[in-house]
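A.B. asks: If you scroll down you'll find the structure; I have some questions about it.
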Amino acid sequence: MIWLIGGTSESRAVAVALDAAGLPWLATVVSDRARQLYEGRSGAVYVGALSPDAIAHLVQSHGICCIVDASHPFAVDISQQAIATGLPYLRLERPSSAIAPSTLCLPTWDAVLQEDYLTGRRILLTVGVKTLARFVPWLHHGTFWARILPVEVSMHQAIQVGFPSDRLIPMALPVTIDQERDLWRSLSIDTVITKSAGQAGGLDVKQQVAQELGVRLIVIDRPAIAYPQQTSVVADIPPWCQQQVRARETT
């Protein structure tokens, strides 16, 4: 059995490729919304966060022989925990977008938590609900909004960490260029803070709108993870998985 760490559009493409190759797989995601990515596919889907103990149980109970990690580039914890199992591991790394000269790229979240970037600004955060707590101590320095997924759990998490409910913008992904432009204009946004999530994460759209409207776009770089093996090509994955399955069968 192949463990597919999913929740992204790329992970659905992997599931399709594994089905075409006749390979058995189990996907793990953190929300019911993400489960829908695999409708009509052959694999089972586990929904929920995974602790190290839960991962150990999953590996043993399902006879996992290898791991394909197609999680979000910022899903550091699950990637590191999967690597720590010692099983054959292949990362599907989402291609990065080219950074425009007008875009400011910073290495870490701590780097953006500075007065020069936040004080007196009208800021839209598209950073993921789990990151909002970092900005709560700065809410009185500027005017902040946060775009989150339109699901109850995201609303609850944001409010629980102290983000004002009237500054939350529930919005389904992907966001079109017209939606992005209209939102920024309606709120008179002058700064947008986002993650280096590639084209699939809407970075190309944000850069285009930022240039059109003269908005400062701040992009936080991806965490540095030493992946044992990685590829950006979905077609590479079935042959690699077949090799791991054969190796398991001969041991």
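Sequential numbering of the sequence shown, starting at 1, is according to my numbering. Ideal Cβ positions, reconstructed from N, Cα and C, are used throughout, including at glycine.
1) State the CB to CB distance for the pair T85 and V59, rounded to an integer number of angstroms; the pair is presumed to be in contact (CB under 8 Å).
2) Would you mind reading off the limits of the beta strand (DSSP E) that contains C105?
3) Given this structure, state the Cα-to-Cα distance separating L48 from Q242, to the nearest angstrom.
4) Which one or two residues does DSSP pair with P170 in a beta bridge?
5) Please name the residue in L187, A70, I78, W138 whose C-alpha comes closest to that of V161.
6) How would you call P95, buried or exposed, if buried means at least 16 neighbouring beta carbons within 10 angstroms?
7) Using CA atoms only, rank isn't needed, just tell me which of S165, S154, G198 is closest to P174.
8) Report the option in A224, T103, F74, I78 whose CA atom is closest to the CA atom of Q208.
9) When you compare only the Cα positions, how much space is there between D182 and C66?
10) How many angstroms separate the CA atom of L132 from the CA atom of I2?
11) Within this structure, are the beta carbons of T119 and H141 separated by less than 7 Å?
12) Thinking C-alpha only, which one of D69, L92, F74 is nearest A82?
13) Around the Cβ of G40, are there at least 16 other Cβ atoms within 10 angstroms (buried) or fewer (exposed)?
14) When you compare only the Cα positions, how much space is there between A75 and D32?
15) Applying the criterion that 16 or more other CB atoms from any shown protein chain within 10 Å of the CB defines a buried residue, is P164 buried or exposed?
16) DSSP on A235, reduced to helix/strand/coil?
C.D. replies: According to the structure shown:
1) Taking the sequence shown and counting its residues from 1, the one referred to as residue 85 is at position 85. Taking the sequence shown and counting its residues from 1, the one referred to as residue 59 is at position 59. The Cβ separation is near 6 Å, so the contact holds.
2) Here residue 105 refers to the residue found at position 105 when the sequence shown is read from its first residue. 104 to 106 is the span of the beta strand (DSSP E), which, as asked, contains C105.
3) Numbered from its first residue, the sequence shown carries residue 48 at position 48. Numbered from its first residue, the sequence shown carries residue 242 at position 242. The residue asked about is misnamed: residue 48 is Gly in this sequence, not Leu. When only Cα atoms are considered, G48 and Q242 end up about 27 Å apart.
4) Counting from 1 along the sequence shown, the entry for residue 170 is found at position 170. According to DSSP, P170 bridges with I148.
5) Start at 1 with the first residue of the sequence shown, and residue 161 comes out as number 161. Comparing Cα-Cα distances from V161 to each of L187, A70, I78, W138, the minimum goes to W138.
6) Looking up residue 95 in the sequence shown gives position 95. Result: exposed.
7) As a first step, residue 174 must be located in the sequence shown, where it is residue number 174. Ranking the options by Cα distance to P174, first place goes to G198.
8) Taking the first residue of the sequence shown as position 1, residue 208 is located at position 208. The shortest Cα separation from Q208 among A224, T103, F74, I78 belongs to T103.
9) As a first step, residue 182 must be located in the sequence shown, where it is residue number 182. As a first step, residue 66 must be located in the sequence shown, where it is residue number 66. When rounded, the distance between both Cα atoms is 44 Å.
10) Along the sequence shown, read from residue 1 onward, the residue named residue 132 stands at position 132. Along the sequence shown, read from residue 1 onward, the residue named residue 2 stands at position 2. C-alpha separation (whole angstroms): 33 Å.
11) Reading the sequence shown from its first residue, position 119 is the one you call residue 119. Reading the sequence shown from its first residue, position 141 is the one you call residue 141. Yes. Within cutoff.
12) Here residue 82 corresponds to residue number 82 of the sequence shown, with the count starting at 1. Measuring from the Cα of A82, the nearest candidate turns out to be D69.
13) The residue you call residue 40 lines up with position 40 of the sequence shown. Under this definition G40 is an exposed residue.
14) As a first step, residue 75 must be located in the sequence shown, where it is residue number 75. As a first step, residue 32 must be located in the sequence shown, where it is residue number 32. Distance between the alpha carbons of A75 and D32: 17 Å.
15) Locating residue 164 in the sequence shown gives position 164, counting from the first residue. So P164 ends up on the exposed side.
16) One-based indexing of the sequence shown puts residue 235 at position 235. Correct three-state label for A235: helix.
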